[in-house]
Every structure is written in structure tokens, then in C-alpha cells.
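Chains as they are written, first to last, in the working numbering: chain D, 244 to 506; chain C, 244 to 506.
No residue lacks a Cβ here, since even glycine has one placed at the ideal position from N, Cα and C.
So the structure is just underneath, and the comments pick up after that.
There are 2 protein chains.
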Amino acid sequence: MAEPLYRQIAEDLRARIESGELEPGSQMLTEYELRDRYQASRNTIRDALRWLTARGMIEARAGQGTFVSRTIDPLVTVLSDWPGPESARYASESDDNGRAPSVSLVRVEVQEADESLAATLRLAEGDEVISRQQVRYIDGAPWSLQTSFYPRDLVTRGAELLLSARDIAMGADAYLKQELGLEQVGHEDRIQVGPPTNDEARFFKLSDDGRISVITVRRTCYADNDLDVVPYRVTVTAFPADRNQLLVQFGRVPGLISRADGY
Amino acid sequence: MAEPLYRQIAEDLRARIESGELEPGSQMLTEYELRDRYQASRNTIRDALRWLTARGMIEARAGQGTFVSRTIDPLVTVLSDWPGPESARYASESDDNGRAPSVSLVRVEVQEADESLAATLRLAEGDEVISRQQVRYIDGAPWSLQTSFYPRDLVTRGAELLLSARDIAMGADAYLKQELGLEQVGHEDRIQVGPPTNDEARFFKLSDDGRISVITVRRTCYADNDLDVVPYRVTVTAFPADRNQLLVQFGRVPGLISRADGY
DNA sequence: GCAAATTTGTTCGTATGTATT
DNA sequence: CAATACATACGAACAAATTTG
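Below you can see the structure in the form of C-alpha cells.
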């Protein structure tokens, strides 16, 4: 057997979708109709449909039918211009498409730093950190989930608004500068991609087949400290890969004002 | 039925894997043994295993058995320090793990620009471009696939080595500067994640279930031109998401020398 | 609001094919 | 070649979700 039957059927359907014969959003034949059409068992048809589902080309809705996937217009997040977790500049990132973004209220917790977080923030494992979580919605659908971690120490030193479950109106960066003289001089983003956690799948309403990956951006922000730089915040953002893209700009590029200050 | 049987079984196995009871690399019980163990049919067991496979937790090998996945030590590619497609600095990116990287010979072709490429390089659709393709291996396994596109015009103006199917020893950037005075002043990276194309799946030996996403970085490089900047190269790199991470640094961060020149 | 019809989801049993040891 | 283990394929029945009358 050169190709299994279910793959042949899947390839045939794929060709019809890619040729445009089956339009995005349109309903496909039912499993029983496809069984008759291809002279195969329903289970074999289901294997073929599963193959297409795994590639995001179709989606099945129980009780309704199977539909050709619509392509999502991705939201582009500019990392190099990314102001931080609680900035007012969110709205401007996507309104070029006329979509309505919104940001949830902040959920604030005091947690103990795990090993990885402690190492990044140069704390001891178990030291307390403030976690500030925000959700970003577009047209009412959850789009990204962001959690910032600050050493508890910053509150002790005067940045008490970090414990407030509201947006910091001036932005966290400006606030930390005003209260503590803490100024960001650099940051590092680690980008990794993997299957969603159960929480993420539930939160973003991702199909539970693990098909859609989540892009995780872990940003460490650094402030000046005489000779060295010290980390003062870690921000972890989860972006479902089916609706997000990232953009990074360096130096002089069209549409970006050159910044001579080093970042 | 709160949870389908196959999901209950999958969750039980997942818990055993995550607890360490089933070690990475170890062989799991066979489908028939699991059928007896869980008092379910073999097909239901297979549904449970498929669920775990979709999450990359296990992998089945026909004729051998099913095994708990080993975690791959990811290669971290530093985008902000990424010199370009044909630099000699590749080797230094991963040898901290003692792995052996290598870069394939270049495959050079003259192609016609498609709509997207033409728009980015400010050409007309169908204009000729030079494509230079390279493969990167680590320990003999394909790790990333990179294709750079240059306007054909650059060869006419004197950069004839672009048509040579060998590495440009001094690096493409230095070569273009020497021959044409073309100097990179900025670049933009667009990062997107999606299922592999058939070609990518075959090339990277990804399982054909579409489980592992591919990170695509599309870099546009800009050179100076009096008032404006002009694009002169597009580099598209495909990174299988199971073995790659990206790192982006801005401003002053530990381990990075601050660059005051704007990028 | 309920009942029927439609459609996908889950589960079982069985048989045969293919890859590996 | 034989044994083992996963892969493919078929048929059947019932459950759950959704729409429709």
C-alpha cells in the first residue's frame, strides 16, 4: 500500500480546499455522505478528517457539521516597541484592522518564586514576588495572557501600587521610575513555542487536541545599577499561535523612528 | 459521562509521566497490555495514546512500541545578534552544549519573485531574484532551513559571488559592502508559527500528524539610501518548534555589550 | 418548551497490513 | 521465518450536541 486510504482521501479533500473549490467557512459533506462518496467506512473518513483537522484546515462542530477553517487575521505584536505589561499603548497595536481591543482588570497575587523565576530575578527560591496578571481581548475573544512578576522588595521600597488590582495609570515603568528611580535600560525576550497547558487551552478556548501551539515570550527587564544591570521584572506572555505574530525591529527600518539611545 | 473514557486514561498516563513514574525514553506498556490494564478496548487505548502523542508526550514506533518522549535540549538563536544568513558565527551559537553544528553547502537558484516577496523588496511581481538556501545541522540532524532572496539587480551591479554555490567566505554582508557599498542599517523580523508544510515535515523528519509547529522568521534587511532606507535582502528561516528557541535582546542586558550605534 | 432529526463524538469488536526484532 | 507491536480498515451501536419543526 503506497498511501493509506485515509491519507488519499485527506489529500483529495486538501486539494479541493486549497484550490478554492471548498471555500473557507463553508460546510463540508457529512461523514456519512463522504463515506458514500469515497466508498470507505465512516471510521476511515474520520481518520481523513482528523488529518485535516490536525493541520487546521477544517474544524468539526458536534451536532452541526464539519467546516472549512476561516483564516484568522493575525494580531502583530511589536516586541521592539513593546512598552511593558501595563502600558496604555496596547490599543494602538491592532486598531489598524478596526478591531476592538480591551484589557482585563489586573489580578494581583503574592506568590513564592519558583526556581527559574528566582534565578532570573536573582532571588532565593521561595522568596515572595508580586504577580500581576492581565488578559487581552480582541472583539471579545481572549487574545493573550500576560503575567508580570516583581520582587516583593520593590513594594517595601515604596512602590505600593504594585499591590493594587488596578491598572497603573501612568504605566508601570513610569511609576517605578517616579517612586524608586528605577529605569529600564534593557530587556531580553526568550521566545519558545509549544503545546498549550491545560489552563491555556481552556482559557483561549483552544480545541483540546493540542493542535494549536502557544508562543510564550518571557521578558526580563533590566535596570541600571552603577556598573552592572539588575533584573527587576519578568513578564511572561502567552500568545496562541493561530492568531498572533511577532515583529522585531532593529536599527533603521521603514516606519520606525531611529532611536539613538541604545534601544 | 463527565469525561470520555479515553481522556480519563490519557490523564492517568499523563500524570504518571509527569510524576516521573514513567521516565523519558522508557517504553510504555503495549496497547494490548493497556487494554487489559484499563479494561477498555484497544481502540479506546489508541485514542488515549493519540491524545498524548498530539501533546508530544509519547511517540509510537511501529514494530517496536510506544515510548515516553525525551526532552530535546533546544538551540537558542539570538535574533538581535543574528548576523545574517551566511555568517561564520553560526558555530558559536550552540557549542556551549558540546554539540556539533554544521552548515550545508549553498543551493543557489534564480527565481521569480512572488507577490509577497516582490512587495517587500520593492520589485515587480515576476522580477528575478537570487535565492540562496542553506541547511543547518546539529549532530547530523536537520535543525533549521534558511533561504535568502536578493534582487537579481545586485549581481548586475557587481556582486557576482551571489550566484556562486559556495559560502561567501567573508560573509554576505561584508561582501555586499565591499562590492557595492551596501551597508545594513536595520532589519525587521516577522515571526510566525504554524503547521509545517509537506516539504518541511519531510525535510525535518517531523511526524506527519502535523503536531510539531514550525517557527518561521522572515527577516528583511535594509540599507541606507540618502533619506530613506531600502530593502535589499529577505531571509526566511524555518525552525521546528520542538528544538528551537529565539532570543531577542535590547539595550543593556547581562552578557551583551551595549551598542550605542542604534542597534 | 419539547420532540424529532441530523451530525459529530465515543466505544466496542474484529481482521488484516506493515515494520521491527 | 516467526513473533511482536503498531497502523489501517471495516462494521456497529449508542451518546452528546445542535438545529429544526
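Any Cβ of chain C within less than 8 Å of the Cβ of D/ARG395? no
Taking 8 Å as the cut-off, decide whether the C-beta atoms of D/GLN376 and D/VAL346 are in contact. no
List the endpoints of the continuous alpha helix (DSSP H) containing D/ARG285. 285-297
Compare the C-beta of C/VAL491 against all C-beta atoms of chain D and say whether one is closer than 8 Å. yes
Assuming contact is defined by CB atoms lying nearer than 8 Å, are C/ARG493 and C/SER323 in contact in what I supplied? Just to set this straight, residue 493 of chain C is Phe in the shown sequence, not Arg. Going by C-beta atoms, C/PHE493 is nearer than 8 Å to C/SER323.
DSSP three-state label for C/GLY426, please. Looking at the sequence provided, one finds Glu at residue 426 of chain C rather than Gly. Looking at C/GLU426 - three-state DSSP - the assignment turns out to be coil, as it is neither helix nor strand.
Does the beta carbon of D/GLN435 sit closer than 8 Å to a beta carbon anywhere in chain C? yes
Please say whether D/LEU423 and D/ALA402 have beta carbons closer to each other than 8 Å? yes
Through-space distance from D/LEU348 to C/ASN441, alpha-carbon basis: 43 Å
Note down, in chain order, each residue of its chain lying with its Cβ closer than 6 Å to the Cβ of C/THR320, except the 5 sequence neighbours on either side. LEU489
Mind checking C/ASN512: buried by the 16 CB within 10 Å criterion, or exposed? The displayed coordinates of chain C run from 244 to 506. Any statement about residue 512 of chain C would go beyond what the structure contains.
Cβ neighbour criterion (16 or more within 10 Å) applied to D/ASN468: exposed
Among C/GLU274, C/THR463 and C/ARG313, which one has its Cα closest to the Cα of C/GLY306? C/GLU274
Is the beta carbon of C/VAL477 sitting closer than 8 Å to the one on C/LEU406? no
Please report the Cβ distance between C/ALA297 and D/GLY453, rounded to the nearest whole angstrom; I am assuming they are in contact, meaning their Cβ atoms lie under 8 Å. 4 Å
Are the C-beta atoms of C/ARG298 and some chain D residue less than 8 Å apart? yes
Are any of the Cβ atoms in chain C nearer than 8 Å to that of D/ALA453? It should be pointed out that residue 453 of chain D corresponds to Gly in this sequence rather than to Ala. So yes, D/GLY453 belongs to the interface.
Of all the options D/LEU318, D/GLN421 and D/MET300, which has the alpha carbon lying nearest to the alpha carbon of D/PRO385? D/LEU318
Taking only beta-carbon atoms, is C/GLY429 less than 8 Å away from chain D? yes
In this structure, what does DSSP give as the bridge partners for C/PHE446? According to DSSP, which records beta bridges pairwise, C/PHE446 is partnered with nothing at all.
Assuming D/GLU371 contacts D/GLU358 under a Cβ cut-off of 8 Å, what Cβ separation, rounded to an integer in Å, is found between them? About 15 Å; that fails the 8 Å criterion.
Sorted by chain position, which residues of the same chain lie with C-beta nearer than 6 Å to C/VAL491's C-beta, five sequence neighbours on each side aside? LEU322 and SER323
In this structure, does DSSP put D/ARG250 in helix, strand or coil? helix
At a Cβ threshold of 8 Å, is D/GLN488 touching chain C? yes
Specify the secondary structure class of C/ASP279 as computed by DSSP and reduced to three states. helix
Cβ neighbours of C/ILE458 in the same chain (closer than 8 Å, five flanking residues each side left out): ILE434, GLN435, VAL436, ALA481, PHE482, PRO483, ALA484, ASN487 and LEU489
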